[in-house]
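Report on the structure given below.
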Amino acid sequence: MAWALRLLGVALATVAVDGFRPLMMNAAPKASLDRRAMLQGVTSAAAAVLALGVQSPARAASSLLTPNEETRLRKGYNNLNYLLDNWDKETMKCNKAGGCVRTPDNIRVYLGMRSIEDPLFNVEKIFLRVGAEVESEEQGDALEAALNEWSRHSEQASVMAYTSSWGEANPGGGELQVNRFAKKAQDECIMARDALKVLVDVCGVSL
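Residue numbers 46 to 252, in this note's numbering, belong to the letters of the sequence shown in order.
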């Protein structure tokens, strides 16, 4: 029960990462209504996660994934490994004259932050659902800790990639700034990948 309650906190924290923020008293009426509707939807989803943790029969994490979810997790993890193993190839664009420029925004594709078709798009929802139904508190704790790490490092990798993309245009920027933030994005991607490995292992996904 304790880990189910903590998963509720992870769900709400994930919402904040995705761009939802508390309502402001002086916000425009239409914007307030839009944000309120989104927040109510997220709160309902989080409550459903908590209810699952209380009401659902205990089950092994490996039995809780649909075939499509298992395929998404396997593909997403392998894609992220490919990015890290081929970092320069995937984050640089070179012309025939031999000149190369860093294109770090491509990192966000591998993290599932550019398209709903990306395997890791909103992948947190899968782990929240599984975490609410697993058979042991030990598995629930492992999922919670790894999900926190994944959310934190994948978000930071995305921020660093975006910052690197604008390194040339920003005042005082240039190639050094682009490469500096790209390296930070790479470090965050490594930690995000490691957290994702824990998550897929707990869920019994064969890689």
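Glycine residues also receive a C-beta, built at the ideal position from the N, C-alpha and C atoms. These numbers come from a predicted model, not from an experiment.
- For the stretch 112-167, the continuous beta strand (DSSP E) assignments of 3+ residues that do not extend past its boundaries occur at 137-139, 145-147, in sequence order.
- The criterion of a C-beta distance shorter than 7 Å is not satisfied by Leu-156 and Phe-172.
- DSSP places Val-243 in the helix class (H, G or I) of the three-state scheme.
- Around Trp-132, the same chain offers Gln-231 as residues with beta carbons nearer than 8 Å, after the five sequence neighbours per side are excluded.
- Taking Met-137 as the centre and dropping the five residues before and after it, the same chain places the C-beta of Cys-145, Val-146, Arg-147, Thr-148 closer than 8 Å to its C-beta, in chain order.
- Annotated as distal: Ala-206 and Ile-161, with beta-carbon spacing of 7 Å or more.
- Only buried fits Glu-189, as 16 or more other CB atoms lie within 10 angstroms of its CB.
- With contacts defined as CB atoms closer than 7 Å, Glu-169 and His-198 fail to qualify as a contacting pair.
- A Cβ-Cβ distance of about 6 Å is found for the pair Val-250 and Glu-115, placing them in contact under the 8 Å criterion.
- The three-state secondary structure of Val-179, taken from DSSP, is strand.
- Nearest to Phe-166 by alpha-carbon distance, out of Glu-180, Leu-118, Gln-222, Leu-110, is Leu-118.
- For Val-175 against Leu-128, the beta-carbon gap comes to about 25 Å, at or over 8 Å, which does not count as contact.
- Taking 7 Å as the cut-off, the Cβ atoms of Val-179 and Ala-237 do not count as close.
- With contacts defined as CB atoms closer than 7 Å, Glu-194 and Ala-227 fail to qualify as a contacting pair.
- Apart from sequence neighbours up to five positions away, the residues of its chain that approach Ala-187 with a beta-carbon distance below 6 Å are Val-247, ordered along the chain.
- Here DSSP, grouped into helix, strand and coil, assigns Cys-234 to helix.
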